[in-house]
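Trainee: Have a look at this one before I ask anything.
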Amino acid sequence: MSLCRRRFLQLAAGTAALPALSRVARAEPYPTRPVRLVVGLPAGSSPDIGARLLAQWLSERLGQQFIVDNRPGANSNIATESVVRAAPDGYTLLLAIAANAVNASLYETLSFNFIRDLAPVAGIARVPQVMEVHPSVPAETIPQFVAYAKANPGKLNMASGGIGGTPHVAGELFKMMAGVDMLHVPYRGNPRPDLLGGQVQVMFDTVPASIEYIRSGKLRALGVTSAGRLAALPDIPAVAEFLPGYEASGWQGLAAPKSTPAEIIDRLNKEISAGLADAKLNAQLTNLGAAPMPMTSAEFARLIADDIGKWAKVIKFAGIKAE
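The sequence shown maps to residues 0 to 322 in numbering that gives the first Met the number 0.
Below, the structure written as structure tokens:
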């Protein structure tokens with residue numbers, strides 16, 4: 000072989016290797032720059048606090064900043080759409096919440112499909128609620144309440160912080176399963192002052208926001224919306240003890256744009272699972288009234304699909320329309 004031909008083949012082989020070398024250079028460990036965690040709720044809300052705790056954990060574990068970006072509005076739809084449209088590279092993530100499952104049926108003209116356009120990454124926490132009444136309601140238990148509500152159809156006012164929110168649909172699920180008629184009274188602000196004053200009689204609310212009023216006797220807790228009892232309210236039964244199958248907890252998890260590489264999703268899932276097993280982070284979430292919910296991405300996908308189906312039935316039954 001001539002010297003010129005040998006030199007040409009050497010150069011050709013070196014040129015062919017360049018794309019492979021470039022791919023190796025690009026395949027640096029994720030993440031190599033800050034990651035944005037989009038939250039569809041205001042700063043200071045319980046999900047936002049949970050997101051910031053998780054962001055701090057991931058920043059320390061992965062060596063890059065995870066920055067919380069609050070984009071409240073439209074029951075988290077604005078935040079969700081921004082993540083759907085983001086590059087599927089792992090650098091824009093969504094704090095997925097139970098409202099996303101409700102929104103799938105509540106809104107008829109969403110520009111995205113939550114299941115089709117997002118990739119579930121990991122579960123983070125469940126956030127149970129408590130069914131509470133003003134002390135003037137003559138019921139100490141769920142069966143007594145159901146009997147009273149059936150004897151007084153339409154006379155009990157059920158407050159919530161807005162149409163289609165988790166407290167609202169939790170109440171509608173109760174109405175559907177118990178066969179009772181209560182008037183829903185949506186508020187744009189906090190309905191608790193009117194509940195304390197007796198202007199409304201019933202509300203489904205988060206445990207941390209209610210627990211001191213319950214302990215002081217200003218409100219009466221009838222049941223928690225989780226499948227079982229809660230350590231924070233051990234003497235309060237689960238609604239499911241009287242209405243088998245009832246479960247209406249909020250939840251939080253992490254989602255990414257569809258087509259995000261599987262290795263990135265797996266890495267994030269692994270680190271989040273480690274965080275939920277960490278005593279400090281676990282305790283911080285528990286103090287927020289949340290129950291840590293480690294899940295594989297497949298398990299989280301099933302939870303989302305199940306909740307979308309459940310809330311679709313409730314929304315149809317109650318005739319709920321988005322504001």
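Think of the CB as a built atom: it goes at the ideal place given N, C-alpha and C, for glycine as much as any other residue.
#1: Output needed for arginine 22: all residues of its chain with C-beta closer than 7 Å, excluding positions within five of it in sequence on either side, in chain order.
#2: If we call anything under 8 Å between Cβ atoms a contact, is leucine 172 one with valine 313?
#3: Methionine 181 by DSSP, collapsed to three states: which one?
#4: Out of Ala158, Ala247, Leu284, which has the shortest C-alpha to C-alpha gap to glycine 188?
#5: So does alanine 148 have its beta carbon nearer than 7 Å to some heavy atom of the ligand ZN?
#6: Could you tell me which residues DSSP puts in a beta bridge with leucine 337?
#7: May I ask you to verify whether the segment 49-66 touches the segment 290-302, counting CB pairs closer than 8 Å and requiring at least 3?
#8: Compare the Cα-Cα distances from arginine 35 to each of Ala50, Met202, His133 and report the closest residue.
#9: Run through the segment 93-157 for me and flag every whole alpha helix (DSSP H) of 4 or more residues, listed as ranges in chain order.
#10: Give a yes or no on whether the C-beta atoms belonging to lysine 279 and leucine 117 are separated by under 8 Å.
#11: As a quick exercise: from Pro134, Asp305, Ala276, Val184, pick the residue whose alpha carbon is nearest that of glycine 216.
#12: Which of the three DSSP states is assigned to valine 251 in this structure?
#13: Classify alanine 297: buried if its beta carbon has 16 or more other beta carbons within 10 angstroms, exposed otherwise.
#14: Throw me the rounded Cβ distance for the valine 129 and leucine 232 pair, which I believe falls under 8 Å.
#15: What span of residues does the alpha helix (DSSP H) with aspartate 68 cover, start to end?
#16: Roughly how many whole angstroms lie between the Cα atoms of valine 333 and proline 137?
#17: Just curious, the beta strand (DSSP E) that phenylalanine 241 is in, first and last residue?
#18: With a 10 Å radius around its C-beta and 16 neighbouring C-beta atoms as the bar for buried, classify serine 110 as buried or exposed.
#19: Using the beta-carbon count (16 or more within 10 Å), is asparagine 286 buried or exposed?
#20: Give me the Cα-Cα distance between arginine 228 and arginine 32, rounded to the nearest whole angstrom.
#21: Along the beta strand (DSSP E) that carries arginine 84, what are the first and last residues, could you check?
#22: If we count the other Cβ atoms within 10 Å of its Cβ and call it buried at 16 or more, is threonine 259 buried or exposed?
#23: Could you tell me the alpha carbon to alpha carbon distance between proline 166 and glutamate 27, rounded to whole angstroms?
#24: List the DSSP bridge partners of methionine 202.
Mentor: Here's the rundown:
#1: With a pLDDT of 42 at arginine 22, under the threshold of 50, the modelled position of this residue cannot be trusted, and the question is left open.
#2: yes
#3: coil
#4: Ala158
#5: Among the components of this structure there are no ligands whatsoever, and the ligand ZN is therefore not found.
#6: The structure shown does not extend to residue 337, since the chain spans only 0 to 322, so no value can be given for it.
#7: no
#8: Ala50
#9: 97-105, 113-116, 141-150
#10: no
#11: Pro134
#12: The sequence shown places glutamine at residue 251, rather than the valine named in the question. Strand, per DSSP.
#13: exposed
#14: 7 Å
#15: No alpha helix (DSSP H) contains aspartate 68, which is instead part of the beta strand (DSSP E) from 65-69.
#16: With the chain running from 0 to 322 in the structure shown, residue 333 is simply not present.
#17: No beta strand (DSSP E) contains phenylalanine 241, which DSSP labels as neither H nor E.
#18: exposed
#19: exposed
#20: 42 Å
#21: No beta strand (DSSP E) holds arginine 84; DSSP gives it neither H nor E.
#22: buried
#23: 44 Å
#24: Glu131, Ala158
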